[in-house]
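Novice:
In the working numbering, the protein residues as written are 231 to 355.
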């Protein structure tokens with residue numbers, strides 16, 4: 231029993247050493263960082279901070295953390311966070327566009343009501 235446990239610990243330690251050694255061969259997530267940065271910028275341009283503040287803030291935080299991880303050469307985690315930041319930013323962008331469309335519809339409905347009231351007023355004369 232004790233020998234088996236020691237054997238498992240040795241195997242686990244060896245596996246971790248191999249994984250850590252392989253981690254140095256992983257390239258920086260340049261493409262993911264570029265895509266995430268572009269998605270965050272697009273969401274910001276769409277004023278996602280007004281219409282989807284939680285998603286936009288989350289995207290920015292994840293992107294910022296991914297940048298720090300790249301500087302520390304922790305590329306696997308940086309790639310994961312960059313991908314998440316891109317998804318969050320795209321969601322914020324979509325919610326922002328949707329909110330803007332809803333605002334435009336509401337404004338058009340208001341204009342239509344005003345025109346209808348004006349037509350009724352003219353017909354009543």
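Backbone N, C-alpha and C fix where the C-beta goes; we use that ideal spot for every residue, glycine too.
Should residue 302 go down as buried or exposed, given a rule of 16 or more other Cβ atoms within 10 Å for buried?
Specialist: Residue 302 comes out exposed.
Novice: DSSP three-state call for residue 277: helix, strand or coil?
Specialist: Looking at residue 277 - three-state DSSP - the assignment turns out to be coil, as it is neither helix nor strand.
Novice: Give me the Cβ distance between residue 289 and residue 322, rounded to the nearest whole Å; I'm assuming they're in contact under 8 Å.
Specialist: Going by Cβ atoms, the distance from residue 289 to residue 322 rounds to 6 Å, so yes, they are a contact pair.
Novice: Just to confirm before moving on: does the CB-CB distance between residue 296 and residue 285 stay below 8 Å?
Specialist: Going by C-beta atoms, residue 296 is not nearer than 8 Å to residue 285.
Novice: Evaluate residue 299 with the Cβ neighbour count: other Cβ atoms within 10 Å of its Cβ, from every protein chain shown; 16 or more gives buried, anything less gives exposed.
Specialist: Label assigned to residue 299: buried.
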